[in-house]
Structure formats: C-alpha cells, structure tokens
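Asker:
Number of protein chains: 2
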Amino acid sequence: MNEHTIEAQSPVNPASVAGSTEGPAALRELTEVVLTALADGAVERGGPLPAGGPDAVAADVREHCSPVLPLDGTGAEAALRELVQAVTRGAADPSDPHCVAHLHCPPLAVAAAADLAASALNPSMDSWDQAPAAGVIEAEVTKSLAELVYPGADETPDALVTSGGTESNLVALLLARERARAAGERTVQVVCGANAHHSVQRAAWMLGLPTPAVVDCPAGRMDPRSLDRVLGAYAGMPVLVVATAGTTDEGLIDPLPELADVTAAHGAELHVDAAYGGPLLFSDALAPRLSGIERAVSVTFDLHKLGWQPVAAGILAVRDAAQVDHLSFQADYLNADDDTEAGLPDWLGRSIRTSRRPDALKIAVTLRALGRRGLGELVEHCVRTAQDFAAAVAAHPELRVRAGEPGISTVLFRPRAADALPAAEGDALVAAVRRRLLDDGRGVVGRAVAEDPETDCGERKLWLKATLLHPRTGAADLAALLKLVAHCAAEESTGPSPNAPYVPAPASPTEDLRTRTRSQGVPQ
Amino acid sequence: MNEHTIEAQSPVNPASVAGSTEGPAALRELTEVVLTALADGAVERGGPLPAGGPDAVAADVREHCSPVLPLDGTGAEAALRELVQAVTRGAADPSDPHCVAHLHCPPLAVAAAADLAASALNPSMDSWDQAPAAGVIEAEVTKSLAELVYPGADETPDALVTSGGTESNLVALLLARERARAAGERTVQVVCGANAHHSVQRAAWMLGLPTPAVVDCPAGRMDPRSLDRVLGAYAGMPVLVVATAGTTDEGLIDPLPELADVTAAHGAELHVDAAYGGPLLFSDALAPRLSGIERAVSVTFDLHKLGWQPVAAGILAVRDAAQVDHLSFQADYLNADDDTEAGLPDWLGRSIRTSRRPDALKIAVTLRALGRRGLGELVEHCVRTAQDFAAAVAAHPELRVRAGEPGISTVLFRPRAADALPAAEGDALVAAVRRRLLDDGRGVVGRAVAEDPETDCGERKLWLKATLLHPRTGAADLAALLKLVAHCAAEESTGPSPNAPYVPAPASPTEDLRTRTRSQGVPQ
Numbered sequence: 001m002n003e004h005t006i007e008a009q010s011p012v013n014p015a016s017v018a019g020s021t022e023g024p025a026a027l028r029e030l031t032e033v034v035l036t037a038l039a040d041g042a043v044e045r046g047g048p049l050p051a052g053g054p055d056a057v058a059a060d061v062r063e064h065c066s067p068v069l070p071l072d073g074t075g076a077e078a079a080l081r082e083l084v085q086a087v088t089r090g091a092a093d094p095s096d097p098h099c100v101a102h103l104h105c106p107p108l109a110v111a112a113a114a115d116l117a118a119s120a121l122n123p124s125m126d127s128w129d130q131a132p133a134a135g136v137i138e139a140e141v142t143k144s145l146a147e148l149v150y151p152g153a154d155e156t157p158d159a160l161v162t163s164g165g166t167e168s169n170l171v172a173l174l175l176a177r178e179r180a181r182a183a184g185e186r187t188v189q190v191v192c193g194a195n196a197h198h199s200v201q202r203a204a205w206m207l208g209l210p211t212p213a214v215v216d217c218p219a220g221r222m223d224p225r226s227l228d229r230v231l232g233a234y235a236g237m238p239v240l241v242v243a244t245a246g247t248t249d250e251g252l253i254d255p256l257p258e259l260a261d262v263t264a265a266h267g268a269e270l271h272v273d274a275a276y277g278g279p280l281l282f283s284d285a286l287a288p289r290l291s292g293i294e295r296a297v298s299v300t301f302d303l304h305k306l307g308w309q310p311v312a313a314g315i316l317a318v319r320d321a322a323q324v325d326h327l328s329f330q331a332d333y334l335n336a337d338d339d340t341e342a343g344l345p346d347w348l349g350r351s352i353r354t355s356r357r358p359d360a361l362k363i364a365v366t367l368r369a370l371g372r373r374g375l376g377e378l379v380e381h382c383v384r385t386a387q388d389f390a391a392a393v394a395a396h397p398e399l400r401v402r403a404g405e406p407g408i409s410t411v412l413f414r415p416r417a418a419d420a421l422p423a424a425e426g427d428a429l430v431a432a433v434r435r436r437l438l439d440d441g442r443g444v445v446g447r448a449v450a451e452d453p454e455t456d457c458g459e460r461k462l463w464l465k466a467t468l469l470h471p472r473t474g475a476a477d478l479a480a481l482l483k484l485v486a487h488c489a490a491e492e493s494t495g496p497s498p499n500a501p502y503v504p505a506p507a508s509p510t511e512d513l514r515t516r517t518r519s520q521g522v523p524q
Numbered sequence: 001m002n003e004h005t006i007e008a009q010s011p012v013n014p015a016s017v018a019g020s021t022e023g024p025a026a027l028r029e030l031t032e033v034v035l036t037a038l039a040d041g042a043v044e045r046g047g048p049l050p051a052g053g054p055d056a057v058a059a060d061v062r063e064h065c066s067p068v069l070p071l072d073g074t075g076a077e078a079a080l081r082e083l084v085q086a087v088t089r090g091a092a093d094p095s096d097p098h099c100v101a102h103l104h105c106p107p108l109a110v111a112a113a114a115d116l117a118a119s120a121l122n123p124s125m126d127s128w129d130q131a132p133a134a135g136v137i138e139a140e141v142t143k144s145l146a147e148l149v150y151p152g153a154d155e156t157p158d159a160l161v162t163s164g165g166t167e168s169n170l171v172a173l174l175l176a177r178e179r180a181r182a183a184g185e186r187t188v189q190v191v192c193g194a195n196a197h198h199s200v201q202r203a204a205w206m207l208g209l210p211t212p213a214v215v216d217c218p219a220g221r222m223d224p225r226s227l228d229r230v231l232g233a234y235a236g237m238p239v240l241v242v243a244t245a246g247t248t249d250e251g252l253i254d255p256l257p258e259l260a261d262v263t264a265a266h267g268a269e270l271h272v273d274a275a276y277g278g279p280l281l282f283s284d285a286l287a288p289r290l291s292g293i294e295r296a297v298s299v300t301f302d303l304h305k306l307g308w309q310p311v312a313a314g315i316l317a318v319r320d321a322a323q324v325d326h327l328s329f330q331a332d333y334l335n336a337d338d339d340t341e342a343g344l345p346d347w348l349g350r351s352i353r354t355s356r357r358p359d360a361l362k363i364a365v366t367l368r369a370l371g372r373r374g375l376g377e378l379v380e381h382c383v384r385t386a387q388d389f390a391a392a393v394a395a396h397p398e399l400r401v402r403a404g405e406p407g408i409s410t411v412l413f414r415p416r417a418a419d420a421l422p423a424a425e426g427d428a429l430v431a432a433v434r435r436r437l438l439d440d441g442r443g444v445v446g447r448a449v450a451e452d453p454e455t456d457c458g459e460r461k462l463w464l465k466a467t468l469l470h471p472r473t474g475a476a477d478l479a480a481l482l483k484l485v486a487h488c489a490a491e492e493s494t495g496p497s498p499n500a501p502y503v504p505a506p507a508s509p510t511e512d513l514r515t516r517t518r519s520q521g522v523p524q
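Just so you know, the protein sequences line up as chains B and H, in that order. The first sequence: position 331 = 331 (UniProt numbering), numbered continuously. The second sequence: position 372 = 372 (UniProt numbering), numbered continuously.
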C-alpha cells in the first residue's frame, strides 16, 4: 500500500469530465494515482524492459487487467492504478539509458505535462469552434518550423502537423500526385533510394501510384549518378525524388545538394524525408549537415524522435504554402462558405484527418521552454554521445564498431565472435544476442542490415544498432550495456547454437513480474 | 499569483525526461502547473468559449506565447503556465454544458489521466520492443470491441485502433480495394448515401478509387430501393456499400437490416460507419437500434464521441480477422522474419501508421473503470438528454424543434423568426445566430442542412444543431442556452440584416481576454 492510495477516502466519480472549472480537481486526484503507478511500475520493472519475453508480459498484463470490459466497472482509481502500473512494469521505457533500439525517444516531462492539457480540453483541430486558441498555437508552431526549414524562401513556406513521418511522406506523395493531376498528368512517378523508409513504398501503394523506382545506395546513401540514370528513364513524366536525411538503419544523410542538382536538371521535384535528421536545424553547428534541404518542395520532420515529444509530433513542411490547397475540402458542418466568408478560419484542409488532437500544444510548450539554443544543445548532446559510444565500442576487445563516423546519433556494432563465424551464422548470432537482451530485460538494442566497409566488396551484414536519443545520459551510462552485449555474445556463441530457434525462457503465466528474478550470470 | 507557482523555488530542468524511476517526480511538479493553469484559464474564460471571435483569440494567444521558438527558452514552468492557460482561456470546452456544436465530447478525467501515462512512457505500437505491455492492452481492447460488434460471429472478428472515423473509413476502403485486387479485379466501386460523412468521398479520392456513387437519402436515411437501383448499375463489379449509423448532421441510423439484404442480394459488401452510433452497443436498451450491423464486413467506431475519450480513439472492427492481412508489411528493423519466427509479436500490419501512440491505454482504463453497464448508462443519459432538450425546444414559444425523434443525441431546431422569412434569408438568420453566439462566447451550437418534415416537399433548410454528448449534464442545464438562442434570434432579426456580411465585434488586439466583458443584454 502507498500513501497516495486515495480511493478509500473519496472515490472520484468515473463519469467526471476533465475540463471546465470543475474538471481539474478530479484530474488532480487521478493524475496522482497515475504518477504513483508510473513510479511504482518503474521500480518493479527495474530495467529498460520487463524480463521474460512476450509470454511473461502478456500473462502479467492479463492477470491484472482482464476482463478489460467487465459488466460492472472497478471505479476510476482501481482501473487507473492497475492498468497504468501494468503498462509501466511492462514498458520498454526509452527514458532508461539502456533502451536504444529505435527512433523511440524519451519524452520530456514538460512535453508530457503539456499533453495532459490537450487531453483535458480535447480541442479538435478540424474547425475553429472546437479549438479557437489551439488553432492559433498550431499556426505559430507551423510558421516557426516552416521558417526553420525554409529560411528566407522566395515563396511563403508552410507546414502541416501530422501523425508522424509515415503520414508526412504519404501527404507529400499525395500533394505531388495532385500537382501532377492539376497539370493534366495522370499520376506521378516516385523515385527513392534503397535506403528510404518503408513508408514511401507503402504510401505509393495506398495512393495507387506506380511502384517507386529504387536508386542504388552504396555505403547507405543515395548515389547522384545512379539517380541521374534512373531519372533518364522517366523523361517527360512528373517525378518526385524522395531523399533521406537520417536513414532509419544508419542515420545517414543523402548528399542533398548533389541530389537537388540532378533532380532539377531533370525537371523533377525533390522531397526530403528528414524525420530523423530535421532537428539538426536547431543547432547552428549541425544545421550545415542538412545544406540543400531548402531546395526540396517538401520536408518530413518528426519531433517525436530528436525533439523528445510523446508520439505523435509529425511535421510536413512545404516550400510553397499554395501546395496545401490540394487538401482543401468543404463540409458544410465544419466550414460552410458563409462561415468562412464571415471570418471563421477554415482548417479542414490542414490534414487528411478530421478530428485531430492538438499535438502542436506540447510542441509549442517545448519550443518555448527550451528555445532554439536549448534544443540545439540537446541534439548536439545526442550526436556527441554517439561519437563517444562509438569510441567506447572501438576500445572494447570483444566488440567491433562499424568503420566510419556514426550517422547522426546511430552506432552500428557487432560482437567480434560473429565475425569469426560464417556469414549467416554470424548474423544469426547478432540476432540472438539482441533477443537474449530483450528476454533478460537488460537492454533494448536495435538491428540493421548494412554494408561492412572493412570487407573488400562491402558485404552486407546484420549489426546491432544503438540509436542514442536520450537528452541527458552519456556514453558512460552505456558502459554497462557494452559489457552486457559482450557477455551475451560469449554465452550465445559457446552455448546453444545461434541457429536454433529462439525459445523464450520458461515463464509461468501466473508468475508475477514483480517477483521475477533476472537471468543469472549477467554482469551488474 | 497562486499557491502552486513553484518555479521560483526549484525550477525543473526543461530537459528532464518523463519516464523511468526519476521521471514521475519532475512530471508531478509540472502537471501541477498544468492543473492550475487549466483551472485558472477556465475561470478567465467564464463560459463555453472565449468572447470576441477569431481576432481577439489570436491576439490573446500571440501576446502570451510569441515567439513560440525564441532563441533562448523561458524554462519549463513559465512556458507551461502561459501556453496552457492561454489555450484554456481560448478553448471551446466541451465540458461546458453550452458547448454542443459537434461530435466533440468532453473527455472523462479518468481517460485524460490515463493518457498522461501514454505520454510519459511513450510506447510506440509498431514493434514489441517499443511497447511490450501496451501491445497486450491493445489486443485486449480490440478483442473486446470486436466481440461487442460481432457477438458470436462464425469468423474470428478483429479490430484495429485508428486516429478516428476518417482513418477507419479510409482503411475500410483500402481493405475492400485489396480484397478486390486479390480476386483479380482492378478496383472497387464505393456506393454511399448522400448522408455519408465526407471522409468516404475523401478516402476514395486518396486511394485512387472511382468517385463513389451516391444513393438518395429521403428523410436523411439511405433508401434501400434506391440502393437496389444503384447496385443494379454495377453488376459484376466489386462494390462496397457504406451505410451510416449516426449521421453527423442528424444522428440518424440507416435501415441496416434492409440495406444488408439488398447488399447481399447483389453480392456486394457492406461497411457501416458507426463512428457516432457504435457505442449504443454498450447499452442493452439501445443496442437493438444497430441491429444488422453484424452483417457488415467492417464497422467504424469512435470512442472520442460517445465514449468520452480525448482524441484520438478510433476503431475499425472487421468481421474476419484475416482481412487485416492486407495491411501486412515487412520492415527488417521492426519485424525481421527471424524475430517473428522466434516469437516476437509482429504489429506493423495493425495500422497504416508506423510510430503510433497507445490510444488503447486510455480506452482500456475507461472500459475497466465504468464497465459495459456504466458506459451504457452514460450513452442512455445522452439519448435521454436529447429527448428532454427536444421537448424543451418544442415548449419554447420562439423556437421550433425539427419534427420527429432526435437522432441518437442530436437535436435540430431553429428560431421561428427564421421561418417567417423567405428561405434564403431564414437560413442566413440561422447562420447569423450561431455566429453571434460564438462571438459572444456564450454558446457553441452547430449547424446542419436537413429536410423540414413540416413542409409538403421536405424542403431543405439550415438548422441549429445541438449534439448532446455531456455525460453528466441534462436538459435543465441547457435552458439558459435556449433563452440565449431566442434572444439572439430576436436581436439578429430586428437588428442588422442577416444577409449582411458578418463583422466580428471590434476587439482591440491588446485587450486581454481576462478582462474582456461579455456582450451586454444577454440573459444570465
């Protein structure tokens, strides 16, 4: 039991609403339950993710939270405490320094707190009379970020708030299709790198576009000469080239100035997916790495990666605000002509969604709280941490860092034991080490297939990947993770065959994760 | 100043993260700033929305929050307090009983509190190693809701979490297109009612489908005989019929059993957009109104309408889980084959998004807290409030309720003064009354074009619309709103011509909304 257990005294009516003048009092009682459950759940977890693998996590959640739709409810406090504590105990928590697998950032407390106001007020961004002030805040945010991407542009730049890079890329392709149609063409041909995020292919599929043509990416970056050859095959057709500034696997930035030159020479248009790299623009020292991005017609930009927002915080910046007109839509209940003529703002054409959470609020609070300089310093911290981490890997006798500078804040590495094996077995060892770390609940490390510059032919191998997005922890906090990786690699390479199917450690479905002991023999 | 102003004592580092064991302490300090700003902002607003119209709101927000991206930050507390208080002061707050324009619900405090945990932990639903427990919770939620829609189905039903009805309808059309393609057809023809939500037309446009065929909707509901005729024109082609259970304008439910019969007779498939009406299924008394819905291949279902969730809480239920396979996608970094074979769950094909907030958490907490019976009672409360409100309008000498039962919880009405004018001028008066209420900050009432059953030919007119979604306020709380509407109608019909362009009340850009006085002469 816990000092914050309050429902025995004064249960909150579970039908209490969050807003208006009465809401904050109910919300204060219930957020206290949540904060306590978050703290208790993190202690119970005791690491970056729960031990035991999928079956153990599922058993724990179901034990405490089923049935999720009972006939009669449990009341607000009990439901909150049990479910929030279970989801915390069973989280892969990016705020833990050893959770580094993905472009999955630890959100700032200031952003998460601001997001509570979005939940409580529930402004919906599809009409003025659902979000009068939230719409103004969104306009301020999108204007600032559009100017960050397109400083001093001849056109008036603009930006849309999206659910993430996937939606940003989808809308970028949709706008390109509509520009083509407006010019009397049937469709647009997308050309992207082999390094492009899968959402580019998926967007083309959804929108009914031809399958994107894929350009070679030797060493992980799009090759301008290969792009030139590919574009030659589409002469006379509308083409959208999609370059990447911060690839998911390696954090690499395509050579934007050269790609912009080639694209322009063919009369094509350039979109840059800077979902990962975009926030380098906050830093005067790092912004030059994105030189050329301002030549793109549109730029994908996520603030739930480097930007430390809870999902979702996607942005699509466009060089010319008029492009957005292709999303215009009229629905009498939301933006009747006479209302618009009378001065009520029309926001329906700002998104492919209708009801829409004001994600701009948490972004605005974060931008104001930290300023451009503060955000730039956090980005620089992550880049520096990656460099330090790469150096630490290089200095480790049992690990090998992939040769070359880390891409943005991504470091690829592998156990030397994997190099000693035939290629397929080496890759299997890498995958097994990663899964072993997940199963032990000790480390959340990613995986990426990438070329090995130390081989003659740039052989493609499976690597472990650390995506370093924590704004406050440094490489020293990761020393234990390196020891752990080396230890697991030693065990996996001498123990059961790495090619054997992965069998999760046995977990009793009734065993409580709170009393689960970690796997033995792992260095502390 | 305020007892909760804390930054002078111990400012929270704005780079503090929200998760892990240390996060909740920072989050507790910052959520207190938010709760205070929510309470203070609601008092300053003093009504359902701010007075003064778009210009006054914009001036207030900009005065307190610009520049949104300064070079140096203001710190976490100041940014939170200023922005949250401004967005609250300038909100159209659905927790206020007089905010009834849209399917824009007051979120429950329990749901908003649960959503804070989603923000703090930031699970992303695109892979197991970003959301181990959150994925289990989502699976429990989707299973429960799929069984609610499809009880005792022969197939195994399933459900996806979406960003709302718009995405649900989009995915429903996408799945229909892919079923057609899998059967060797090129595309699918969508057939919907004239009463369908605009997202159906928009989805067809995005997906590159033929323009949907539109079926007549006399009295606001899809006519089965008209559907039969339309389907006759598409014999031999894959067709998806989209019916609506709870239209946006009138809350009406299409005759689902008859439409299902006609659809089946033509070998077509049925999708039901029950974004509004779906939660009637929580109530044993109201569920029969949706009889026939279980014959649809897919059902759109929003819990940010009747369901009282903060946006987003969309659901797409499908009768046969195998349908979802069409969304499958493989990305090595998220769901490599060997990881999936080794037992790591593959969630990438559960959404058209990639990074994805765990909206299922707040839904799960709400379902558990209230139970099916508790939720059913809240839905019944809203339906009853609409009936009571309609009776109150009918009893008002200066107002006229649209004849017939209210659709779900939607009531259409208009000032009798509008009926006394020629049609166009009457409609203009209705629109002017609505805008006047918005400008005064006294009422957020919607608008809808719908037939008038009291005319011989069912003439289409503009109506005021009240969408009653508040789970705790009743018709008595709306009496003042009716007085206000009648008062505004009297003023607008005798004052400036309702055909004149709407001119917002003059507002000084430097005038603070906190000291703004309301328009005079409005009944209290």
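Using N, Cα and C, we set each Cβ at its ideal position, and we do this for glycine too. Predicted model, so just to flag it, every value in this text is computed and none were measured.
Do we get a CB-CB distance below 8 Å when we pair T74 (chain B) with the residues of chain H?
Answerer: Yes, its Cβ sits closer than 8 Å to a Cβ of chain H.
Asker: Since P132 (chain H) and V17 (chain B) are thought to touch, with beta carbons under 8 Å apart, how far apart are those beta carbons, to the nearest angstrom?
Answerer: That belief does not hold up - the Cβ atoms of P132 (chain H) and V17 (chain B) are roughly 32 Å apart, past 8 Å.
Asker: Quick check for students: name the residue ranges of the beta strand (DSSP E) that lie wholly in the stretch 114-192 of chain H, counting only runs of 3 or more.
Answerer: Taking only runs of at least 3 residues, the beta strand (DSSP E) segments lying wholly in the stretch 114-192 of chain H are 158-162.
Asker: If we cut at 8 Å on Cβ distances, does C382 (chain H) have a partner in chain B?
Answerer: So no, C382 (chain H) is outside the interface.
Asker: Assuming contact is defined by CB atoms lying nearer than 8 Å, are W480 (chain H) and T21 (chain B) in contact in what I supplied?
Answerer: For the sequence presented, residue 480 (chain H) should be read as Ala rather than Trp. Cβ distance not < 8 Å, so A480 (chain H) and T21 (chain B) don't count as in contact.
Asker: What does DSSP give as the partner residue(s) for W463 (chain B) in the beta ladder?
Answerer: Answer is B:A448.
Asker: With DSSP collapsed to three states, give me the class of P97 (chain B).
Answerer: Three-state result, P97 (chain B): coil.
Asker: Counting only beta-carbon separations shorter than 8 Å, does D284 (chain H) have a partner in chain B?
Answerer: Output row for D284 (chain H): interface = no.
Asker: Just list the residues that DSSP pairs D273 (chain H) with in beta bridges.
Answerer: H:T244, H:T300.
Asker: Just to confirm, are L174 (chain H) and M206 (chain B) a CB contact at a threshold of 8 Å?
Answerer: Going by C-beta atoms, L174 (chain H) is nearer than 8 Å to M206 (chain B).
Asker: Which first and last residues belong to the alpha helix (DSSP H) in which F389 (chain B) is found?
Answerer: Start and end: 359-394.
Asker: Run down chain B in chain order and give the residues with a C-beta less than 7 Å from the C-beta of G446 (chain H).
Answerer: Simply Y333.
Asker: Is there a C-beta anywhere in chain H that falls below 8 Å from the one on S16 (chain B)?
Answerer: Judged by the 8 Å Cβ criterion, S16 (chain B) is in contact with chain H.
Asker: Is P210 (chain H) helix, strand or coil when you go by DSSP?
Answerer: If DSSP states are grouped into helix, strand and coil, P210 (chain H) belongs with coil.
Asker: Taking only beta-carbon atoms, is H326 (chain B) less than 8 Å away from chain C?
Answerer: The structure shown contains no chain C; the protein chains it does contain are B and H.
Asker: Looking only at DSSP bridge pairs, what is L399 (chain B) linked to?
Answerer: B:P415, per the DSSP bridge assignment.
Asker: If the criterion is Cβ atoms closer than 8 Å, does the pair A194 (chain B) and V239 (chain B) meet it?
Answerer: No, the Cβ-Cβ distance between A194 (chain B) and V239 (chain B) is not below 8 Å.
Asker: Which of the residues in the stretch 186-210 of chain H, read from start to end, lie with their CB under 7 Å from any CB of chain B?
Answerer: From the stretch 186-210 of chain H, only H198, S199, R202, M206, L207, G208 have a Cβ closer than 7 Å to chain B.
Asker: Run through DSSP, which three-state label would T36 (chain H) get?
Answerer: Residue state, collapsed to three classes: helix.
Asker: What is the DSSP secondary structure of A500 (chain H), reduced to helix, strand or coil?
Answerer: Here A500 (chain H) scores only 44 on pLDDT, less than 50, and its place in the model should not be relied on; the value that follows carries that caveat. Coil.
Asker: List the residues of chain B whose Cβ lies closer than 7 Å to the Cβ of S163 (chain H), in chain order.
Answerer: Going along chain B in sequence order, the residues near S163 (chain H) (Cβ under 7 Å) are S163, R353.
Asker: How would you list, in chain order, the residues of chain B whose beta-carbon sits under 9 Å from the beta-carbon of H271 (chain H)?
Answerer: Going along chain B, no residue has its Cβ under 9 Å from H271 (chain H), so there is no contact; the nearest lies around 17 Å.
Asker: Please list, in chain order, the chain B residues whose beta carbon lies closer than 8 Å to that of H104 (chain H).
Answerer: Residues of chain B passing the Cβ test: N122, S124, Q130, S355.
Asker: By the 8 Å beta-carbon criterion, what residues does the stretch 291-304 of chain B contribute toward chain H?
Answerer: Listed by position, the residues of the stretch 291-304 of chain B near chain H (Cβ gap below 8 Å) are D302, H304.
Asker: Measuring only between beta-carbons, confirm whether I253 (chain H) sits less than 8 Å from chain B.
Answerer: Not closer than 8 Å to any Cβ of chain B, the Cβ of I253 (chain H) fails to qualify, so no.
Asker: Could you spell out the range, first to last residue, of the beta strand (DSSP E) harbouring G314 (chain H)?
Answerer: Residues 314-318.
Asker: Is there at least one Cβ from chain H nearer than 8 Å to C65 (chain B)'s Cβ?
Answerer: Cβ-Cβ to chain H under 8 Å: yes for C65 (chain B).
Asker: Using 8 Å as the limit for Cβ to Cβ distance, is T31 (chain B) near chain H?
Answerer: Yes, because at least one Cβ of chain H sits closer than 8 Å to the Cβ of T31 (chain B).
Asker: Can you tell me whether DSSP reads V12 (chain H) as helix, strand or coil?
Answerer: Three-state result, V12 (chain H): coil.
Asker: Could you have a look at V17 (chain H) and say whether DSSP puts it in helix, strand or coil?
Answerer: The answer is strand: DSSP assigns V17 (chain H) an E or B state.
Asker: When you check each C-beta in the stretch 425-451 of chain H against every C-beta of chain B, which residues fall closer than 7 Å?
Answerer: Listed by position along the chain: A431, R435, L438, V444, G446, R447, A448, V449.
Asker: Is there a Cβ of chain B sitting closer than 8 Å to that of A112 (chain H), yes or no?
Answerer: Yes, A112 (chain H) lies at the interface with chain B (some Cβ there is under 8 Å from its Cβ).
Asker: If L103 (chain H) and T248 (chain H) are in contact, beta carbons under 8 Å, what's the gap, nearest whole angstrom?
Answerer: 7 Å between Cβ atoms; contact.
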